[in-house]
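**Student:** Numbering (my numbering), first residue to last: 350 to 531. Heads up, the beta-carbon is just placed ideally off N, CA and C, and yes, glycines get one too.
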Amino acid sequence: MSFSELITKRQSVRRYESRAVEDEKIMQCLESARLSPSASNSQPWHFVVVNREPLRTEVARATFTEIKLINKFTLQAPMLVVIVQEKPKLITRLAMQVKGKEWPLIDIGIAATHFCLKATELGLGTCMIGWFDETRIKEVLNIPGGKTIGLLISVGYPPADYPLRTKVRKQPDSMMSFNKYP
Ligand SMILES: Cc1cc2nc3c(=O)[nH]c(=O)nc-3n(C[C@H](O)[C@H](O)[C@H](O)COP(=O)(O)O)c2cc1C
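(1) Residue 420: beta carbon under 7 Å from a heavy atom of ligand 1?
(2) May I ask which residues mark the beginning and end of the beta strand (DSSP E) holding residue 389?
(3) Let me confirm a value: residue 394 is counted as buried when at least 16 other C-beta atoms fall within 10 Å, else exposed. Which label applies?
(4) Straight-line CA distance for residue 360 to residue 491?
(5) State yes or no: is the C-beta of residue 514 nearer than 7 Å to some heavy atom of ligand 1?
(6) Whole angstroms is fine: what's the gap from residue 482's alpha carbon to residue 471's?
(7) Assuming residue 505 and residue 428 make a contact with CB atoms under 8 Å, what is their CB distance in whole Å?
(8) Three or more beta-carbon pairs under 8 Å between the stretch 398-414 and the stretch 448-460, yes or no?
(9) For ligand 1, is there any heavy atom lying closer than 7 Å to the beta carbon of residue 533?
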């Protein structure tokens, strides 16, 4: 698959078949994330693969409430990946203080993209999930209270009839300019 095809095919998948994701494929997605760039090569992440019951269901349940049902689809996903934000290197922390920037979440976003693009190449569907009950997921997975969870990714096989949607995006001339702003 060309890179252009890959980014067209990658979309948020919110329905899954029940079949499990093969370990070999999980490892390939994690390897793609591992090779991702990060500020000062700090790699401020830890990926927790959750594919065993009852943990998987408990983590899924922490992504929606009776009022905010948007993420209820996670119950179908055979696998959820929890990306824990780890402390960057001292040099990165100092640079962040000097520049007033917060790079670890950017790093996690890039690594998550690597993960999701690889998953797409392997025929898997993913959805990045930013809305979740962090305290509850930390309890379920024994993640220390002082840590931050950056993002979740649901992973699984989309059903055969899952449509490839047209991407809804800003028009090119409203998101780019050459040699001037805006
Ligand atoms: C940081 C981040 C958080 C997101 N959180 C959620 C979420 O909680 N629930 C959800 O269904 N989709 C979530 N998404 C998916 C976006 O809604 C989706 O990427 C966007 O609408 C574009 O659609 P596409 O991924 O199909 O191209 C999130 C995406 C990102 C990058």
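**Tutor:** Taking the definition as stated:
(1) Yes, the beta carbon of residue 420 sits closer than 7 Å to at least one heavy atom of ligand 1.
(2) In this chain, residue 389 is not harboured by any beta strand (DSSP E), its DSSP state being neither H nor E.
(3) That one is buried.
(4) Using only the alpha carbons, I get a separation of about 31 Å.
(5) Remark: the shortest separation between the CB of residue 514 and any heavy atom of ligand 1 falls under 7 Å.
(6) A straight line joining the alpha-carbon of residue 482 with that of residue 471 spans about 30 Å.
(7) Cβ atoms of residue 505 and residue 428 come within 8 Å of each other, at about 6 Å.
(8) No: the two stretches stay apart, fewer than three of their Cβ pairs being nearer than 8 Å.
(9) A query on residue 533 cannot be resolved here, the shown segment of the chain reaching from 350 to 531 and no further.
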